[in-house]
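J.: Sharing a structure, written as structure tokens. Questions coming.
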Amino acid sequence: MSQVFRTPIQQEILYPKINLHDPVLLLGSCFSDNIGHKLIDHKFQAKSNPFGIIFNPVSIFNLLECTLKTHDFAEEKLINSGEKWVHYDFHSSFCGQEKEALTAEIKTALNQTNDFVKHSKYLILTFGTAYVYRLKLSREIVANCHKMPSSLFEKELLTIEQITSAFKDIHQLLPKDIKVILTVSPVRHIKDGFTNNFISKSTLRMACHQIESEFPNIHYFPSYEIMMDDLRDYRFYNSDMLHPSDVAIEYIWQQFSNAFFNEETKAFILRWEKLSKAINHRPFQKESNEYQQFLRKTIAKLEGINEVDVSKEIGLLREMVID
6 MSQVFRTPIQ
16 QEILYPKINL
26 HDPVLLLGSC
36 FSDNIGHKLI
46 DHKFQAKSNP
56 FGIIFNPVSI
66 FNLLECTLKT
76 HDFAEEKLIN
86 SGEKWVHYDF
96 HSSFCGQEKE
106 ALTAEIKTAL
116 NQTNDFVKHS
126 KYLILTFGTA
136 YVYRLKLSRE
146 IVANCHKMPS
156 SLFEKELLTI
166 EQITSAFKDI
176 HQLLPKDIKV
186 ILTVSPVRHI
196 KDGFTNNFIS
206 KSTLRMACHQ
216 IESEFPNIHY
226 FPSYEIMMDD
236 LRDYRFYNSD
246 MLHPSDVAIE
256 YIWQQFSNAF
266 FNEETKAFIL
276 RWEKLSKAIN
286 HRPFQKESNE
296 YQQFLRKTIA
306 KLEGINEVDV
316 SKEIGLLREM
326 VID
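At the far end of the sequence shown sits residue 328, using the numbering used here, and the numbering has no gaps.
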């Protein structure tokens, strides 16, 4: 049952509710990782950026298409950057000294993600920038230039129509019952300049608005607006003045929780956060009677949890118990 969530810009939106057992796939900018890690840390069934961080929506859709169609990826986009093999559609974390090894790594990631998305209830896509780079020879958009010579590429600002059209193509391939959550990353892309950053974010926001208005299974979460309109202070940024600070990420996570979790799930999250602190607590004297008693009490509390699998955490603590 949906619940009303009031955003800082005073819009009333009805959001679906994610429960602990709903598989959630997250793709996109580093903000996808922020939310993805929060979900994973709180015992949700989430998979975050299996292809690495991807900033522009068209490249995200291209990888989704490759995953959903389970066909071979574009091997012609494998390149030798001088020291290692990389792929224009993937993050630089996908690299290898040998072409064959990288090919195998990419195929494994695609197959694993395909298996995951088949059962996913939610797909969260975070768009970082509407600026893309095209290879001059093939005219194809790349996700990552991998520091190759700039003369190989042309920079381009995607139009709203290009983004929405690309999404319509991928929407036809998605599982029928999956719900898609769109968000625009609050991270500034200042390398494009302040003015171009705003143009880029505006383009992304308008594309999300159009997509949401056309499809009933699409929902927009205003992470960008929360950062710009509710927090709007440099004390909520890291020292680079580009990325949200831990405080800002936690604040947006709380807004996300209020929007997408029911009361039962939120109660579990509070309970789990207390247990997580206990699990990670490390005293100066591990052999002390006080800490040993603390371990046994924490294990007992974990054994009382039946919502999720906590066998790993119980095993970790038992290893530290002195009989």
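Just so it is clear, CB atoms sit at the ideal spot from N, CA and C, and this is done for glycine as well.
If you're wondering where the values come from, they're calculated on a predicted model, not measured in any experiment.
Short check: CB of residue 124 to CB of residue 21, under 8 Å?
T.: Looking up residue 124 in the sequence shown gives position 119. Looking up residue 21 in the sequence shown gives position 16. Cβ atoms of residue 124 and residue 21: not closer than 8 Å.
J.: Kindly give me the distance between the Cβ atoms of residue 129 and residue 236, rounded to whole angstroms, as I take these residues to be in contact under 8 Å.
T.: By one-based count along the sequence shown, residue 129 stands at place 124. By one-based count along the sequence shown, residue 236 stands at place 231. Not quite, the Cβ-Cβ distance comes to about 21 Å (not below 8 Å), so this is no contact.
J.: Roughly how many whole angstroms lie between the Cα atoms of residue 164 and residue 54?
T.: For the purposes of this step, residue 164 is taken as residue 159 along the sequence shown, with counting starting at 1. For the purposes of this step, residue 54 is taken as residue 49 along the sequence shown, with counting starting at 1. Approximately 25 Å, taken between the alpha carbons.
J.: With DSSP run on the structure shown, which of helix, strand or coil describes residue 7?
T.: Reading the sequence shown from its first residue, position 2 is the one you call residue 7. The predicted position of residue 7 is uncertain, since its pLDDT is 38 and thus under 50; no value can be drawn from it.
J.: Rounded to whole angstroms, what is the Cα-Cα separation between residue 274 and residue 120?
T.: On the sequence shown, position 269 is the one that residue 274 refers to. On the sequence shown, position 115 is the one that residue 120 refers to. Cα to Cα, residue 274 sits roughly 27 Å from residue 120.
J.: What residue does the beta strand (DSSP E) around residue 186 start on, and which one ends it?
T.: Here residue 186 refers to the residue found at position 181 of the sequence shown. 184 to 189 is the extent of the beta strand (DSSP E) around residue 186.
J.: Could you pull the start and end residues of the beta strand (DSSP E) that residue 139 belongs to?
T.: What you label residue 139 is simply residue 134 of the sequence shown in a count that begins at 1. Per DSSP, residue 139 belongs to the beta strand (DSSP E) from 136 to 140.
J.: Leaving aside the five residues before and after residue 65 along the sequence, list all residues of the same chain whose C-beta is less than 7 Å from its C-beta, in chain order.
T.: Locating residue 65 in the sequence shown gives position 60, counting from the first residue. Result list for residue 65: 32, 33, 59 and 130, in chain order.
J.: How many Å lie between residue 355 and residue 316 at the Cα?
T.: What is shown of the chain runs 6 to 328, which leaves residue 355 out entirely.
J.: Buried or exposed for residue 202, please, with buried defined as at least 16 other CB atoms from any protein chain shown within 10 angstroms of its CB.
T.: Within the sequence shown, numbered from 1, the residue matching residue 202 stands at position 197. Label assigned to residue 202: buried.
J.: Checking 8 Å against the spacing of the C-beta atoms, do residue 209 and residue 261 come in under that value?
T.: Counting from one through the sequence shown, the residue named residue 209 turns up at place 204. Counting from one through the sequence shown, the residue named residue 261 turns up at place 256. Going by C-beta atoms, residue 209 is not nearer than 8 Å to residue 261.
J.: If contact is defined by three or more beta carbon pairs under 8 Å, each pair taking one atom from either stretch, is the stretch 237 to 251 in contact with the stretch 265 to 272?
T.: no
J.: Less than 8 Å between C-beta atoms, sequence neighbours within five positions excluded: which residues of the same chain meet that for residue 7?
T.: For the purposes of this step, residue 7 is taken as the residue at position 2 of the sequence shown. Only weak support is given to the placement of residue 7: the predicted model assigns it a pLDDT of 38, under 50, and the question is left unresolved by the model.
J.: Quick one: what's got a C-beta closer than 7 Å to residue 313's C-beta in the same chain, skipping five residues either side?
T.: Sequence index remark: in the sequence shown, residue 313 carries index 308 (1-based). The answer, listed in chain order, is 25 and 48.
J.: Counting only runs that start and end within the stretch 59 to 134, where is the beta strand (DSSP E) found for 3 or more residues in a row?
T.: Counting whole runs of 3 or more residues, the stretch 59 to 134 contains the beta strand (DSSP E) stretches 83 to 85, 90 to 92 and 127 to 132.
J.: Note down the Cα distance separating residue 308 from residue 229, rounded to an integer number of angstroms.
T.: For this step, residue 308 is matched to residue 303 along the sequence shown. For this step, residue 229 is matched to residue 224 along the sequence shown. Distance between residue 308 and residue 229, taken at the CA atoms: about 39 Å.
J.: Rounded to a whole number of angstroms, what is the C-alpha to C-alpha distance between residue 115 and residue 148?
T.: The residue given as residue 115 occupies position 110 in the sequence shown. The residue given as residue 148 occupies position 143 in the sequence shown. Distance from the CA of residue 115 to the CA of residue 148, rounded to the nearest whole angstrom, comes to 16 Å.
J.: Decide if the stretch 142 to 161 is in contact with the stretch 181 to 188; the criterion is three or more beta carbon pairs, one per stretch, under 8 Å apart.
T.: They do not touch, by the three-pair rule.
J.: Are there 16 or more other CB atoms within 10 angstroms of the CB of residue 286, so buried, or fewer, so exposed?
T.: Taking the first residue of the sequence shown as position 1, residue 286 is located at position 281. It counts as exposed.
J.: Could you give the first and the last residue of the continuous alpha helix (DSSP H) run that contains residue 252?
T.: The residue you call residue 252 lines up with position 247 of the sequence shown. Residues 251 to 265.
J.: Let's see if you can read the secondary structure: which residues bound the alpha helix (DSSP H) around residue 42?
T.: For the purposes of this step, residue 42 is taken as residue 37 along the sequence shown, with counting starting at 1. Unbroken alpha helix (DSSP H) run through residue 42: 35 to 46.
J.: Counting only the same chain and skipping the five closest in sequence on each side, list residues whose C-beta sits under 7 Å from that of residue 318.
T.: Within the sequence shown, the letter at position 313 stands for residue 318. The residues are 284 and 307.
J.: Tell me the residue span of the alpha helix (DSSP H) that contains residue 281.
T.: Counted from its first residue, the sequence shown places residue 281 at position 276. For residue 281, the enclosing alpha helix (DSSP H) covers residues 268 to 285.
J.: With distances taken Cα to Cα, identify the nearest neighbour of residue 254 among 223, 211, 227 and 85.
T.: Stepping through the sequence shown from its first residue, residue 254 is reached at position 249. Nearest C-alpha to residue 254: 227.
J.: Do you know offhand how far residue 305's Cα is from residue 183's?
T.: Locating residue 305 in the sequence shown gives position 300, counting from the first residue. Locating residue 183 in the sequence shown gives position 178, counting from the first residue. Spanning the two alpha carbons is a distance of roughly 37 Å.
J.: For a test of the three-state rule: what should DSSP assign to residue 231, helix, strand or coil?
T.: By 1-based counting over the sequence shown, the position of residue 231 is 226. The DSSP-derived three-state label of residue 231 is helix.
J.: Fully enclosed by the stretch 167 to 220, which beta strand (DSSP E) runs are 3 residues long or longer?
T.: 184 to 189
J.: Taking the C-alpha atoms as reference points, what is the distance between residue 79 and residue 206?
T.: By one-based count along the sequence shown, residue 79 stands at place 74. By one-based count along the sequence shown, residue 206 stands at place 201. Their Cα atoms are separated by approximately 29 Å.
J.: What are the boundary residues of the beta strand (DSSP E) that residue 162 is part of?
T.: Your numbering for residue 162 matches position 157 in the sequence shown. 158 to 162 is the span of the beta strand (DSSP E), which, as asked, contains residue 162.
J.: Thinking C-beta only, is residue 44 closer than 8 Å to residue 122?
T.: Mapped onto the sequence shown, residue 122 falls at position 117. Mapped onto the sequence shown, residue 44 falls at position 39. Taking 8 Å as the Cβ cut-off, residue 122 and residue 44 do not qualify as a contacting pair.
J.: With a Cβ-Cβ cutoff of 8 Å, do residue 290 and residue 326 count as a contact?
T.: As a position in the sequence shown, residue 290 is number 285, starting the count at 1. As a position in the sequence shown, residue 326 is number 321, starting the count at 1. Their beta carbons are not under 8 Å apart, which means residue 290 does not touch residue 326 by this criterion.
J.: In angstroms with no decimal places, state the Cα-to-Cα distance between residue 179 and residue 63.
T.: For the purposes of this step, residue 179 is identified with residue 174 of the sequence shown, where counting begins at 1. For the purposes of this step, residue 63 is identified with residue 58 of the sequence shown, where counting begins at 1. Roughly 16 Å between the two C-alpha positions.
J.: Are the CB atoms of residue 176 and residue 97 nearer to each other than 8 Å?
T.: Numbered from its first residue, the sequence shown carries residue 176 at position 171. Numbered from its first residue, the sequence shown carries residue 97 at position 92. No, the Cβ-Cβ distance between residue 176 and residue 97 is not below 8 Å.
J.: With a threshold of 16 other CB atoms inside 10 Å of the CB of residue 9, please say whether the residue is buried or exposed.
T.: Mapped onto the sequence shown, residue 9 falls at position 4. Confidence is the limiting factor: at residue 9 the pLDDT is only 40, short of 50, which leaves the residue's position unreliable and the question unanswerable from this model.
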